[in-house]
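Chemist:
In full-length UniProt numbering, the protein residues as written are 1 to 78.
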């Protein structure tokens with residue numbers, strides 16, 4: 001199963017964002033965003049909603065393994 005950190009990094013890269021550009025876009029520090037990808041932190045609900053809007057995914061995906069596990073991106077389960 002893909003972990004949140006693996007999934008988040010792959011999705012960000014597939015969308016063409018750097019950690020810095022996505023952090024700027026949602027109004028958080030790059031180090032905060034980096035901690036999500038490293039698995040040290042999870043985003044707050046408000047940050048998850050902003051991040052989901054940028055990445056075009058449901059915001060609940062950051063909190064629910066079942067949603068993430070079954071989410072289909074570009075016709076493959078990530």
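Cβ atoms here follow ideal geometry from the backbone N, Cα and C, with glycine treated the same way.
All values derive from a computational prediction rather than experimental measurement.
What did DSSP end up calling residue 12 once you bin it into helix, strand or coil?
Modeler: Correct three-state label for residue 12: helix.
Chemist: Extract the residue ranges of the alpha helix (DSSP H) inside the UniProt domain "HTH cro/C1-type" (8-62), only unbroken runs of 4 or more that lie entirely within it.
Modeler: Segments of the alpha helix (DSSP H) lying fully in the UniProt domain "HTH cro/C1-type" (8-62): 19-26, 30-37 and 45-55.
Chemist: Quick test of your reading: residue 5 and residue 20, contact by CB under 8 Å. State the CB separation rounded to the nearest angstrom.
Modeler: So it is not a contact: roughly 17 Å between Cβ atoms.
Chemist: Using the beta-carbon count (16 or more within 10 Å), is residue 45 buried or exposed?
Modeler: Residue 45 comes out exposed.
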